[in-house]
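Below: one structure, written as structure tokens.
Residue numbers (full-length UniProt numbering): 1 to 135.
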């Protein structure tokens, strides 16, 4: 677990209700992908979080699919963490309706997952102001 992931875990433990469950680095979906955190909240559904300890000074380029980072003088391309989190969420959400208890039984959404879900990225070393300045 990275230092940023430890900070996020601590915040989740402090601020989420006691009836929420939080899993760290568990395999999800048919492809056994590993999101940093999966939160199950009885009131709000599933939340998938990807945590990045990146700094503004290491970011070189980003688009909807990839991010280029510079560390130790070397450029490295990585998948955009929002795309990564979305893949984790979609893989899981597409597999869950196989369980009849998690499937909508009637109406417009018959056969689909019967709970809400979301995904996101937590940048532990980039402030909201710094992120806005980049866009």
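For glycine and all other residues, C-beta sits at the position ideal for the given N, C-alpha and C.
Computed from a predicted structure; not experimentally measured.
Looking at the strands, I want to know which residues DSSP matches up with residue i.
| i | result |
| --- | --- |
| residue 79 | 66 |
| residue 23 | 38 |
| residue 71 | 74 |
| residue 103 | 113 |
| residue 45 | 41 |
| residue 50 | 121 |
Give a yes or no on whether the minimum CB-CB distance between residue i and chain C is below 8 Å.
| i | result |
| --- | --- |
| residue 20 | No chain C is part of this structure, which consists of one protein chain only. |
So what's residue i in DSSP terms, helix, strand or just coil?
| i | result |
| --- | --- |
| residue 116 | coil |
| residue 16 | coil |
| residue 29 | coil |
| residue 92 | helix |
| residue 139 | This structure cannot settle anything about residue 139, because the visible part of the chain is limited to 1 through 135. |
Which whole-angstrom value is the C-beta distance of residue i and residue j, which I expect to be below 8 Å?
| i | j | result |
| --- | --- | --- |
| residue 123 | residue 88 | Contact doesn't hold; Cβ gap of about 17 Å is too wide. |
| residue 120 | residue 85 | 6 Å |
Considering just the uninterrupted stretch of the alpha helix (DSSP H) at residue i, what are its terminal residues?
| i | result |
| --- | --- |
| residue 132 | 128–134 |
What first and last residue would you give for the beta strand (DSSP E) that runs through residue i?
| i | result |
| --- | --- |
| residue 56 | Residue 56 -> no beta strand (DSSP E), and no H or E assigned at all. |
Can you tell me whether residue i sits near the ligand FAD, meaning its C-beta is under 7 Å from at least one heavy atom of the ligand?
| i | result |
| --- | --- |
| residue 20 | Only the bare structure without any ligand can be found here, which leaves the ligand FAD out of the picture. |
### Task
State whether the region 37–51 contacts the region 20–28, with contact taken as three or more CB pairs (one from each stretch) at a distance under 8 Å.
The region 37–51, when compared against the region 20–28, does touch it at the 8 Å Cβ threshold.
### Message
Is it the case that the region 124–131 contacts the region 54–71, given that we only count it when at least three CB pairs across the two stretches are under 8 Å?
### Response
yes
### Query
Does the count of Cβ pairs from the region 57–73 and the region 84–104 closer than 8 Å reach three?
Counting C-beta pairs with one atom in each stretch, the region 57–73 and the region 84–104 have fewer than three that are closer than 8 Å, which means they do not touch.
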